[in-house]
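Using this note's numbering, the first residue of the sequence shown is number 33, and each one after it goes up by one.
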Amino acid sequence: STLFAISSANAAIFDSTPENPVPLPEFRVDLKQTSVSGVSSGAYFAAQFHVAWSRYFVGAGIFSGGPWGCSLDNYVVSRDIPYMDQCMQGPISNQRFNAVVQRAHTKSAAGTIDPIEELQNDKIFVSYGTADKTVSSSVSERIIDFYAELGVPSDNLADISVTNNMAPDGAPMGHAIPTDSFVTNAV
33 STLFAISSAN AAIFDSTPEN PVPLPEFRVD LKQTSVSGVS SGAYFAAQFH
83 VAWSRYFVGA GIFSGGPWGC SLDNYVVSRD IPYMDQCMQG PISNQRFNAV
133 VQRAHTKSAA GTIDPIEELQ NDKIFVSYGT ADKTVSSSVS ERIIDFYAEL
183 GVPSDNLADI SVTNNMAPDG APMGHAIPTD SFVTNAV
């Protein structure tokens with residue numbers, strides 16, 4: 033049966049060792065028709081990955097996240113650092129935003145990320161909740177600004193601020209991916 037075949041394949045993969053790897057099945061994926069998406073930290077990752085490797089993607093879906101390179105390569109573990117506040121709670125200052133855009137151009141020219149021109153035909157979908165207390169909507173709004181500064185036409189940019197996530201009380205969406213139904217006490 034199909035279930036047995038899937039279970040057997042999973043068992044074989046989990047029994048794999050570095051000395052005796054089990055080959056993974058080949059997927060017929062057209063990378064030129066692939067997009068990258070994420071929510072929260074995954075949204076930040078999707079933005080990083082999309083800009084860095086844009087030749088492989090037709091677009092990105094960024095849910096409750098922020099723009100590429102916002103930290104300007106300042107990595108920390110503490111939220112007490114001012115730039116982390118800007119990249120999470122906002123607002124992102126014009127000085128930081130301009131530095132991020134300039135850094136994308138510099139890295140593109142140096143060949144450390146794909147050419148900026150690879151982004152210009154991509155579709156970008158950004159969604160965030162107006163009641164998000166993890167990543168401020170003012171941060172997520174800058175994603176569209178960032179892509180526009182890199183030359184992505186406005187027709188390819190969708191900025192969806194979710195003020196009502198179909199909640200029975202009409203409450204605005206927080207830190208989440210919007211759905212077509214309302215769920216309480218989700219696990």
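The beta carbon of each residue, even a glycine, is placed where N, CA and C say it ideally should be. Because the structure is a prediction, the values reported are computed rather than measured.
Apart from the 5 residues on each side of it in sequence, Pro147 sits with its Cβ closer than 6 Å to the Cβ of Ser140 in its chain, given in chain order.
Ala75 sits close to Ser96, with the two beta carbons spaced by under 8 Å. Less than 8 Å separates the beta-carbon of Val167 from that of Gly98. Ser193 sits away from Ser170, with the two beta carbons spaced by 8 Å or more. The alpha-carbon of His82 is positioned some 15 Å away from that of His137. Positions of the beta strand (DSSP E) runs, each at least 3 residues long and wholly inside the segment 118-205, are given as 155-161, 189-194 in order along the chain. For Phe89, the three-state secondary structure derived from DSSP is strand.
The continuous beta strand (DSSP E) containing Ser69 extends over residues 66-71. From the listed residues Ala84, Arg60, Asn52, His207, the smallest Cα separation to Ala142 is found for Ala84. One alpha carbon belongs to Ala92, the other to Ala190, and they sit about 10 Å apart. Contact check for Val158 against Ile209 fails: the beta carbons are separated by 8 Å or more. Under the three-state reduction of DSSP output, Phe59 falls in the coil class, being neither helix nor strand.
Separation of Arg60 and Asn153 (C-alpha to C-alpha, rounded to the nearest whole angstrom) is 23 Å. Excluding five sequence positions before and after Ile176, the CB atoms of its chain that fall closer than 8 Å to its own CB belong to Ile156, Val158, Leu189, Asp191, given in chain order. Residue environment for Arg128: buried (at least 16 other C-beta atoms within 10 angstroms of its C-beta).
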